[in-house]
Every structure is written in C-alpha cells, then in structure tokens.
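Notes follow the structure.
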Amino acid sequence: MPAKRHPLYRARHWLIVLWLAAFAFYHMAWSAHKTAFATQNAFDLAEQVSIHPAIRAESPTLRTSGLLRLSIPLMAFGIALTGLLYEDIRWRWRWRGLALLVALRAIPPESDLRPISDLPDKANAFQLALLTALGLILVLATLPQPIRVWMQRHLSAVEAGLCSLALVLPMIGLERALRLWNELNLEVSLGGGAVLYVAALIGIGALVLRHLKANDPVLSEAVS
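Residue 0 is where the sequence shown starts when you use numbering that gives the first Met the number 0, and the numbers rise one by one after that.
Right, here's the structure in full:
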C-alpha cells in the first residue's frame with residue numbers, strides 16, 4: 000500500500016515560494032531614512048549597528064546583530080525542510096543545494112578567503128562563522144535517514160516552530176536597532192522590507208497551522 004501523502008504536500012510549492020520571498024524581503028529596506036546611510040536591509044543593518052559600543056557591550060556579544068542575522072540559517076533550514084515534502088529525490092537535492100547557498104549568504108564577500116584571525120573585527124567574523132555553520136548543520140540534518148524520517152513525521156510542528164523563531168527573533172533585533180538609531184536622533188522608521196518579510200512568514204504560518212492539528216502521516220522513507 001503506498002505511503003499516504005503529508006497534509007502539507009499540496010502546499011509545498013507555496014511554502015517554497017514564501018520562504019524564498021522572505022529571503023528576498025530580508026534584502027530589502029528594514030530601516031527607512033531620508034538618507035541612504037540609514038536605509039538598510041537586515042544584513043547591512045546588523046553590520047552597521049555592530050560598531051556601536053552599546054551593541055558591542057551586549058551579553059552575549061553583538062546580540063542585536065546576531066538576532067538580525069539569525070534569519071539566514073533559519074530560512075535556509077526552512078527551504079531544506081520544505082523540500083522533504085517533494086517525492087522526487089532530485090527536487091529534494093535541488094532545494095537542499097539552494098538552502099546551502101542561502102546559509103552561505105552569512106559570509107561577507109571580503110572574508111571569503113581570509114581566516115578570522117586576520118580580520119579587523121573578529122567578533123563580527125566569529126558570529127558570522129557560527130551562524131553559517133548553524134545554517135549548514137540544519138540543512139545537512141535533512142540527510143541522515145533517522146533524522147529525516149522524524150522530521151517528516153512531525154514536519155508541521157517543526158515548520159511552525161521554525162516559522163515562529165524566524166519571525167520573532169529578528170524582530171527583537173530590529174526593534175533594538177531602530178531604537179538605537181533613534182537614540183542617536185537619526186529618526187529612522189520601519190522599512191517596507193521588514194513588513195513584507197513578516198507578511199511572508201505569516202503566510203507560511205497560516206499554511207502550516209491549517210494542518211498542525213492533523214496527524215502527520217508517514218512519508219516515503221526512500222533514502223535520498
């Protein structure tokens with residue numbers, strides 16, 4: 000008897016589109032100002048606020064920057080996780096490959112071929128390295144069969160939790176960053192990119208919560 004399809008199977012394309020949309024919106028303006036200096040996407044905003052003494056004195060170090068950057072490994076995992084809904088093994092690998100590229104986005108171009116010890120800002124480089132490693136680990140976690148089968152069985156709950164983290168944690172970092180700019184009298188406001196990012200994640204959450212109460216069936220356990 001063939002394995003029953005997951006309740007989210009029919010929504011798999013929409014979930015992928017929404018995760019990719021969230022990644023695109025991450026690179027749109029999260030902070031808005033009349034000058035280009037303070038109109039920045041989430042990644043650049045994290046980089047900019049990281050030079051402020053108040054952010055560098057946080058415990059753990061650069062907490063605000065880290066929360067803004069945390070979107071990257073979480074989105075990478077979301078793409079790879081949603082890829083498990085595809086029955087075609089080739090498509091699973093395609094989404095894993097794309098997810099790995101998303102995870103590697105945390106590495107800034109200037110540090111591609113330079114060891115952390117040679118960088119002027121070691122704290123930033125160390126955080127980026129940790130977040131990149133986290134993204135790669137989460138994506139590769141969809142490979143071992145026991146872990147993959149468990150995630151398939153509980154995919155709705157895992158994706159709902161992932162969506163919640165990707166929504167709440169970066170917004171905490173954004174609130175802190177905007178408050179810092181306004182304390183410096185820059186009069187920075189919320190950017191449209193952040194609003195669209197939230198909308199994309201709400202869309203993911205709506206699709207997932209629709210099926211969360213359903214019993215997750217056993218998906219195909221073919222080794223991919």
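Glycine included, each C-beta is placed from N, C-alpha and C at the ideal position.
Return the Cβ separation of residue i and residue j in integer angstroms, given the expectation that the two are a contact with Cβ distance under 8 Å.
i    : j    : result
W228 : I203 : Outside the displayed range of the chain (0 to 223) lies residue 228, so it cannot be described from this structure.
A106 : L127 : The sequence given here has Ile at residue 106, not Ala. At roughly 6 Å, the Cβ-Cβ gap stays under 8 Å, so I106 and L127 are in contact.
A122 : R178 : Actually they are not in contact, since the Cβ atoms of A122 and R178 sit about 21 Å apart, beyond 8 Å.
A28  : G190 : 3 Å
In terms of DSSP beta bridges, what is residue i paired with?
i    : result
L189 : S30
N184 : The partner list for N184 (beta bridge, DSSP) is empty, contrary to what the question assumes.
N123 : N123 is not bridged to any residue.
Q144 : Answer is none; Q144 lacks a bridge partner.
Taking 9 Å as the cut-off, decide whether the C-beta atoms of residue i and residue j are in contact.
i    : j    : result
W149 : V48  : no
L83  : V207 : no
S30  : A176 : yes
A165 : L73  : yes
F264 : G192 : No statement about residue 264 is possible, as the shown extent of the chain runs from 0 to 223 and does not include it.
A41  : L19  : no
A45  : S64  : yes
A102 : L137 : yes
Have a look at the options and flag the residue whose alpha-carbon is nearest the alpha-carbon of residue i.
i    : options                 : result
H32  : A205, Y196, E186 and H5 : E186
A79  : E174, E158 and L183     : E158
I71  : R104, I50 and V138      : R104
H51  : L195, H210 and L183     : L183
L154 : L189, F76 and E174      : F76
Could you tell me if the beta carbon of residue i falls within a distance shorter than 8 Å of some heavy atom in the ligand NAD?
i    : result
V207 : Annotation note on the ligand NAD: not contained in the displayed structure, which lists no ligands.
Just curious, the alpha helix (DSSP H) that residue i is in, first and last residue?
i    : result
H153 : Segment: none, H153 is in no alpha helix (DSSP H) and carries neither H nor E.
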